[in-house]
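In this note's numbering, the protein residues as written are 29 to 273. Have a look at the structure below, then the notes.
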């Protein structure tokens, strides 16, 4: 489903969580290139690492050019260079510039962009509406900004991010199921916080706790989904798409 972003002309490159040798062969037969990149410094966790990322792209030279620039910056991971690294990877993956800029600023300042998106999803009723209709993809309008997993728009009502999501669904209506998974993925940290802190002290913790309690009859359904997703994220995603797409 991630390849829809390339086929729709939204991005030259997408990131894969896992690819078998057969997957790589099939992708190459379909005209895609697969690039593996070993990170020296992780701009997300802000730590030295040996994390391997897999990128699938159409224009290999264009993707490699961006990765080479990132490689140079990794040798000296100053705050400014970390921001540049995040910006370059955002460009590599075709993310809206406003969202990438917002994410890079927050990461360098030590903030958690994920929390801001979760708060937005609670505020705009995204979680509740997706849970209500699950497994059917009757998606609220604001959910279209969550067009890929581990992407955090500057706001869930960001016009540019929403436009990307709408174009993807217009290109392939089945992409709605992928957006469902992206929303559900954000529910995992919500329930992590809810289960860990009975009496949260932070604004975020109190908001999350109040939201989960407000789910009423949906709470049990949400807990079942989150627990299954937690156990095997990749298996949950594949199983859901195979069953309903």
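Beta carbons: idealized from backbone N, C-alpha and C, even for Gly.
Check your understanding: With a Cβ-Cβ cutoff of 8 Å, do residue 86 and residue 34 count as a contact?
Key -> Locating residue 86 in the chain shown gives position 58, counting from the first residue. Locating residue 34 in the chain shown gives position 6, counting from the first residue. Between residue 86 and residue 34, the C-beta spacing is below 8 Å.
Review point. Residue 136 and residue 111: beta carbons closer than 8 Å?
Key: Taking the first residue of the chain shown as 1, we reach residue 136 at position 108. Taking the first residue of the chain shown as 1, we reach residue 111 at position 83. Here residue 136 is near residue 111, since their CB atoms are less than 8 Å apart.
Check your understanding: Distance, Cα to Cα, residue 36 vs residue 195?
Key -> Within the chain shown, residue 36 is the residue found at index 8, counting from 1. Within the chain shown, residue 195 is the residue found at index 167, counting from 1. Those two C-alpha atoms are separated by around 8 Å.
Check your understanding: Is residue 85 helix, strand or coil when you go by DSSP?
Key -> For the purposes of this step, residue 85 is taken as residue 57 along the chain shown, with counting starting at 1. If DSSP states are grouped into helix, strand and coil, residue 85 belongs with the strands.
Check your understanding: So does the stretch 227 to 237 actually touch the stretch 180 to 199, counting three or more Cβ pairs closer than 8 Å?
Key -> The stretch 227 to 237 makes no contact with the stretch 180 to 199, as fewer than three CB pairs between them are under 8 Å.
Exercise for review: Taking residue 207 and residue 165 to be in contact with their CB atoms under 8 Å, please state how far apart those CB atoms are, rounded to whole angstroms.
Suggested key: As a working mapping, residue 207 is identified with position 179 in the chain shown. As a working mapping, residue 165 is identified with position 137 in the chain shown. Right, their Cβ atoms sit about 7 Å apart.
Practice item. Leaving aside the five residues before and after residue 57 along the sequence, list all residues of the same chain whose C-beta is less than 7 Å from its C-beta, in chain order. Key: Within the chain shown, residue 57 is the residue found at index 29, counting from 1. Close CB contacts of residue 57 within its chain, under the 7 Å cut and outside five residues either way in sequence, are absent.
Exercise for review: Hey, could you find the ends of the alpha helix (DSSP H) residue 258 is sitting in?
Suggested key: Here residue 258 is taken as the residue at index 230 of the chain shown, counted from 1. In the DSSP assignment, residue 258 falls within the unbroken alpha helix (DSSP H) covering 246 to 259.
Point to revise | Opposing strand residues paired with residue 69 [DSSP bridges] | key: Numbered from 1 along the chain shown, position 41 holds the residue referred to as residue 69. Looking at the DSSP output, residue 69 sits in a beta bridge with 76.
Check your understanding: What is the residue span of the beta strand (DSSP E) that residue 44 lies within?
Key -> In the chain shown, the residue the question calls residue 44 occupies position 16. For residue 44, the uninterrupted beta strand (DSSP E) run begins and ends at 41 to 44, by DSSP.
Practice item. Determine the direct distance from the alpha carbon of residue 146 to that of residue 214, and round the result to whole angstroms. Key: By 1-based counting over the chain shown, the position of residue 214 is 186. By 1-based counting over the chain shown, the position of residue 146 is 118. Straight-line spacing of the CA atoms in residue 214 and residue 146 works out to 7 Å.
Point to revise | Distance, residue 140 Cα to residue 177 Cα | key: Working through the chain shown from its first residue, we reach residue 177 at position 149. Working through the chain shown from its first residue, we reach residue 140 at position 112. Taking the straight line joining both Cα atoms gives about 16 Å.
Check your understanding: If you compare alpha carbons, which of 163, 250, 224 and 192 is closest to residue 267?
Key -> Residue numbering aside, residue 267 sits at position 239 when the chain shown is read from its first letter. If we check each option's Cα against that of residue 267, 163 comes out closest.
Review point. Between the stretch 181 to 189 and the stretch 142 to 159, are three or more C-beta pairs nearer than 8 Å?
Key: Segments in contact, yes.
Check your understanding: Pick from 53, 201, 189 and 261: whose alpha carbon is nearest that of residue 272?
Key -> For the purposes of this step, residue 272 is taken as residue 244 along the chain shown, with counting starting at 1. Closest by C-alpha distance to residue 272, out of 53, 201, 189 and 261, is 201.
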